[in-house]
Amino acid sequence: MTPSSEAIVDQAIAWHLRLTAASEDDWMRFTSWLEADSQHAAAYDRIVTDDALVAHTLDVGHEGRASVTRVAERSARWQKRSGWLLAGGGALAASVAAVVMMPSTQDETGRRVIVTAPGEHRSLTLADGSHVELNGGTELAVADSGRSATLVRGQATFNIKHNESAPFELVSGNVVLRDIGTVFDVTRDGGRLGVQVAEGAVMFRPDREAVMVRQGMSLVSSDRDDRLVIRHIAPESVGGWRDNRLTFRETPLRQIAAAVGRTTGTPLSVSDTLADTPFTGTIRLVGDDAKDAARIAALTGTRAHQDTGRWILTSVTDAPH
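Residue numbers are given in this note's numbering: position 106 of the sequence shown equals residue 106, and the series is strictly consecutive.
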C-alpha cells in the first residue's frame with residue numbers, strides 16, 4: 001500500500017467513526033470528500049464492509065451490526081433539510097437522459113399508446129397543451145381529447161392544464177385520479193400505486209373515498225386492500241427521476257431497484273432477505289451501471305455484485321459469487 005493510499009484509508013476510517021455522531025456540516029464535508037476521488041468512495045465502502053463483517057463475526061448484537069444503518073439514517077435526516085444526499089458526479093449519458101420523441105401505437109379503443117423501454121425517457125404534449133413526461137419501463141394510453149389517460153405500468157410526471165368543465169382523469173388499475181390543476185407524478189409498480197403532488201391537488205378515487213392529495217403530499221395504495229398511506233414530502237422532489245434524482249422514504253429495497261431500472265435501465269435486483277428492507281434518502285444516478293450499483297450499495301449498507309449481466313444487492317456479510 002502506498003503512502004497516499006494509506007492516507008485515504010485513514011481518512012475513510014476517520015469518517016466512518018465521525019459519522020456516528022455527525023452534524024450537518026460534517027455530512028457536507030463528508031460528501032465533498034467522497035466525491036473528490038473515486039478512491040475515497042472505494043475505501044469508505046471497504047471500511048463499512050469490514051466493520052459489518054467484524055460485527056457479524058463477533059456477534060456483538062444489534063447495535064454493533066447497525067453502524068451502516070445508522071449512517072444511512074443520519075444521511076437521510078440531513079438530506080431532508082439540504083435537499084440532497086450524494087451528488088452523482090456527472091450527468092446521465094445523453095442516450096439515457098435526453099427526452100426523445102418516437103412513434104406511438106393505438107389500442108383497440110383508438111387511444112394513443114406510448115411505451116418506453118427501461119432507461120428511455122419520453123415526452124408528449126396533449127391536445128389541450130398539457131405535458132406528460134414518461135420514465136422508462138412505462139406504458140401510457142392517452143385519449144384523443146387529452147383529458148383522460150391510463151397508466152398501465154411504470155411512471156409518469158403530469159403537468160396538466162386545469163379545466164373545471166372537463167377535468168383530466170388518470171386511470172391506473174382500479175384507481176381513478178382527478179386533476180385539480182396540478183403537477184403530479186404517478187407510479188404503477190405491479191399492484192402498488194404511488195402518487196406525489198408538486199403543485200395543486202389530485203383527487204384519489206373521486207367516486208369512492210374522494211381523498212384530496214395536495215401539494216407536498218404523497219399517497220400510496222395497494223390493489224390488495226383499501227389501506228392508504230399518506231405522507232408529507234418535499235414538493236421539489238416530485239418527478240426527480242427527470243434529473244436523475246430518486247428520493248425515497250421508508251421504501252423497500254426491491255422498489256428502489258425497480259425505480260433505478262426504470263430510470264437508467266440498469267438491471268438491478270435485491271436478495272430475498274433484503275427485499276423488504278426500508279431505506280430513506282436521496283440517490284443521484286450517473287448512468288454508469290457499475291458506479292450506480294456501488295453508490296446505491298454504499299448508501300443502503302449493502303454489497304453490490306454482478307451476476308450474469310445483472311447487479312444484485314446482498315448483505316455485506318455475504319461473500320460475492
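Note that beta-carbon positions come from the ideal geometry of N, C-alpha and C, so glycine has one too.
For clarity, every value in this text was computed on a predicted model and none was experimentally measured.
- Can you tell which of S271, A127 and T157 has its C-alpha closest to the C-alpha of E139? Nearest Cα to E139 within the set S271, A127 and T157: T157.
- Message: With a threshold of 7 Å on Cβ separation, who are the neighbours of V9 within its own chain once the five nearest residues in sequence on each side are excluded?
- Response: Cβ neighbours of V9 beyond the five flanking positions: A43.
- G287 vs T308 beta-carbon contact at 8 Å: Result no, Cβ atoms of G287 and T308 do not sit closer than 8 Å.
- Under 8 Å, do P167 and A198 count as touching if we go by C-beta distance? no
- Task: Return the CA-CA distance between V175 and F204, expressed in angstroms with no decimal places.
- Result: 7 Å
- Measuring CB to CB, does A149 end up less than 8 Å from L170? yes
- Message: Rounded to the nearest angstrom, what separates S145 and D179 at their Cα positions?
- Response: Their backbone Cα atoms lie some 15 Å apart in a straight line.
- Query: Can you name, in chain order, every residue of its own chain whose Cβ lies under 6 Å from the Cβ of R231, other than the five neighbours on each side?
  - Reply: S218
- Residue from H16, A41 and I233 with nearest C-alpha to Q215: I233
- Message: To the nearest angstrom, how far is the alpha carbon of V229 from that of A36?
- Response: 39 Å
- Length of the line joining the Cα atoms of V142 and G281: Rounded to whole angstroms, the gap between the alpha carbons of V142 and G281 is 33 Å.
- Query: What is the DSSP secondary structure of R227, counted as helix, strand or coil?
  - Reply: Here R227 sits in coil by DSSP.
- Item | Selection from A275, I312 and S130 that minimises the alpha carbon distance to D292 | Of the candidates A275, I312 and S130, I312 places its Cα closest to the Cα of D292.
- Task: State the start and end residues of the unbroken alpha helix (DSSP H) segment that holds V260.
- Result: L253 to T264
- Could you check which residue in R147, A117 and E120 has the C-alpha nearest to that of H131? Measuring from the Cα of H131, the nearest candidate turns out to be R147.
- Message: Assuming L170 is part of the alpha helix (DSSP H), what are its boundary residues?
- Response: Where L170 is concerned, there is no enclosing alpha helix (DSSP H), although the beta strand (DSSP E) it sits in stretches over E169 to S172.
- Query: Rounded to the nearest angstrom, how far is the Cβ of S315 from that of S269, given a contact under 8 Å?
  - Reply: In fact, because the Cβ distance is near 14 Å, the residues do not count as touching under 8 Å.
- Item | Alpha carbon of F184 to alpha carbon of D207, nearest angstrom | 20 Å
- Query: Can you tell which of I114, L34 and G173 has its C-alpha closest to the C-alpha of G190?
  - Reply: G173
- Message: Could you give the first and the last residue of the continuous alpha helix (DSSP H) run that contains L299?
- Response: Note, L299: alpha helix (DSSP H), D289 to T300.
- Message: My parser needs the beta strand (DSSP E) runs of 3 or more residues fully inside the region 150-228; what are they?
- Response: 169-172, 175-179, 183-189, 192-199, 201-204, 211-214 and 217-222
- Message: Between E133, H162 and N163, which has its C-alpha nearest Q155's C-alpha?
- Response: E133
- Query: For the putative contact between S237 and L193, defined by C-beta atoms under 8 Å, what is the C-beta separation to the nearest angstrom?
  - Reply: With a Cβ gap of about 18 Å, S237 and L193 do not count as contacting.
- Task: Compare the C-alpha of S38 against each of H16, R249, L126 and A12 and name the closest.
- Result: A12
- On the three-state DSSP scale, how would you describe E63? Because the pLDDT of E63 is 38, which lies under 50, any placement of that residue in the model is unreliable, and the number read from its coordinates should be weighed accordingly. Residue state, collapsed to three classes: helix.
- Task: Report the option in V186, G119 and G129 whose CA atom is closest to the CA atom of V152.
- Result: V186
- Message: Tell me which residues share the same chain as G136 and place their Cβ nearer than 7 Å to its Cβ, disregarding the 5 neighbours each side in the sequence.
- Response: Around G136: T116, A117, P118, G119, E120, H121, R262, T263 and G265.
- Query: By DSSP, does S5 sit in helix, in strand, or in coil?
  - Reply: Three-state result, S5: helix.
- Cut-off 7 Å between Cβ atoms - residues of its own chain near A259, not counting five sequence neighbours on either side: L246
- Query: Taking C-beta to C-beta, are L285 and L253 nearer than 8 Å?
  - Reply: Cβ atoms of L285 and L253: not closer than 8 Å.
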